[in-house]
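Below is one structure, written out as C-alpha cells; comments come after it.
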Amino acid sequence: MEFQLVEKTENSAVFSLESNSETLKKYPFEFELQLIYTLEDTSLHIEYKVINKSGKKLPFSIGAHPAIALPENFEDYAFKFEKEEVLKYYLLENDLISNKTKVLETTNGTVPLNYQLFENDALIFKALESKSLTILEKSKPYINVDFKDFPSLGLWTKDQAPFICVEPWLGYSDTSENSGDLFEKEGILILDSDQTFNSKFTITIL
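Following UniProt numbering, the numbering of the sequence shown begins with 1 at its first residue and continues without gaps.
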C-alpha cells in the first residue's frame, strides 16, 4: 500500500499508513503505522510506530527487509555477530517454520558467505543474544546493522544475487503448529487500546 509523507526535514522523513475500509475487510483493527527515516552521519535510523486506534487489543508483527548491496564477489563477504553464541536457526517447510533446526557454523568468529547457505530459503533466528551484526568485506568492516529492539532475525538472498538481506523482526511467519488464531500466533505482539508501540534499528556504513 502507498504511504503518505506527513513530515520531512533535511535529514528525516515520516511516512504514515492508516487503516481504511479495504484494510478492515482483511484485518479488522483500526491503526496508524508510521515509518520514520533519519540520516545521521553514515547511519540510517529506521523507526516503526504502531498506534492502536481500534478501541480493542490489536495483534501485530512488524519487521524489516533491507537488501544490502555486495559489489564484490559474494564469497568475499562474511557475517560477524556481536556475541559468540550458538547460531541456531529454523528451517522452512512449505512456507511454514518447522521445528527442524540447524546451527550456523563459524570460522574464527565469522560466518563466510556462500549461496549454499540459502538453498532452503531464509535463515530464521527466533532469538539471538547478539543485537547487532557486521558484514565484513574481505575481512574488513563494511556495514553494521544494530537491532536492539528486535528479538528475531532473518538472513536471506537469492541465488547469484549481488545483495544480502539482514531483516530484524518482531514476530515471524506461521509455524507448522499454528492454531490459526492470530492472538495465539507464536511471536505475536498485542497492543492495548489507544497505546503506541515504538521500535528502531540502524544501518551504518563503516
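Don't be surprised by glycine CBs; every beta carbon is placed ideally from N, CA and C. A quick note: this is a predicted structure, and the numbers were derived from the prediction, not measured.
### Message
Extract the residue ranges of the beta strand (DSSP E) inside the stretch 28-103, only unbroken runs of 3 or more that lie entirely within it.
### Response
Entirely contained in the stretch 28-103, the beta strand (DSSP E) runs reaching 3 residues are, in chain order, 31-40, 43-52, 58-60, 67-69, 77-81, 88-93, 96-103.
### Task
Return the CA-CA distance between leucine 70 and threonine 106, expressed in angstroms with no decimal places.
Taking the sequence shown and counting its residues from 1, the one referred to as residue 70 is at position 70. Taking the sequence shown and counting its residues from 1, the one referred to as residue 106 is at position 106. Near 20 angstroms, if we compare the C-alpha coordinates of threonine 106 and leucine 70.
### Query
In chain order, what residues of the same chain have a beta carbon less than 7 angstroms from the beta carbon of aspartate 194, not counting five sequence neighbours either side?
Position 194 of the sequence shown, counted from the start, is the residue given in the question as residue 194. Around aspartate 194: Asn52.
#### Entry: Within 7 angstroms, strictly: CB atoms of phenylalanine 79 and valine 111
Your numbering for residue 79 matches position 79 in the sequence shown. Your numbering for residue 111 matches position 111 in the sequence shown. In contact: phenylalanine 79 and valine 111 (Cβ atoms closer than 7 angstroms).
### Query
Is the beta carbon of leucine 128 sitting closer than 7 angstroms to the one on leucine 153?
Mapped onto the sequence shown, residue 128 falls at position 128. Mapped onto the sequence shown, residue 153 falls at position 153. At a Cβ-Cβ threshold of 7 angstroms, leucine 128 and leucine 153 count as neighbours.
#### Entry: Span of the alpha helix (DSSP H), counted from its first residue to its last, around glutamate 186
Position 186 of the sequence shown, counting from 1, holds the residue named residue 186. Counting along the chain, glutamate 186 falls outside any alpha helix (DSSP H), and DSSP gives it neither H nor E.
### Query
Apart from the five residues on each side of it in sequence, which residues of its chain come closer than 7 angstroms, Cβ to Cβ, to tyrosine 89?
Taking the sequence shown and counting its residues from 1, one reaches residue 89 at position 89. Once the five neighbours on either side are set aside, the close Cβ partners of tyrosine 89 are Thr101, Lys102, Leu104, Leu123, Ile124, Phe125.
#### Entry: Those residues which DSSP pairs with asparagine 144 across a bridge
As a first step, residue 144 must be located in the sequence shown, where it is residue number 144. Its beta-bridge partners are Thr134, Thr204.
### Query
In angstroms, rounded to a whole number, what distance separates the CA positions of leucine 5 and proline 151?
Within the sequence shown, numbered from 1, the residue matching residue 5 stands at position 5. Within the sequence shown, numbered from 1, the residue matching residue 151 stands at position 151. If you take the alpha carbons of leucine 5 and proline 151, they lie about 29 angstroms apart.
### Task
Would you mind stating whether leucine 58 and leucine 206 have Cβ atoms separated by less than 7 angstroms?
Walking along the sequence shown from the start, residue 58 turns up at place 58. Walking along the sequence shown from the start, residue 206 turns up at place 206. Cβ distance not < 7 angstroms, so leucine 58 and leucine 206 don't count as in contact.
### Query
Residue range of the alpha helix (DSSP H) that lysine 158 falls in?
Locating residue 158 in the sequence shown gives position 158, where the first residue counts as 1. From DSSP, lysine 158 is part of no alpha helix (DSSP H); its letter is neither H nor E.
### Query
Going by C-alpha distance, which of Leu24, Gly187, Thr42, Phe29 is nearest asparagine 11?
In the sequence shown, residue 11 corresponds to position 11, counting from 1. The alpha carbon of asparagine 11 has as its nearest neighbour, out of Leu24, Gly187, Thr42, Phe29, the alpha carbon of Thr42.
### Message
On the criterion of 16 or more Cβ atoms from any shown chain inside 10 Å, does glycine 63 qualify as buried, or is it exposed?
### Response
Here residue 63 refers to the residue found at position 63 of the sequence shown. By the neighbour-count definition (other C-beta atoms within 10 Å, threshold 16), glycine 63 is a buried residue.
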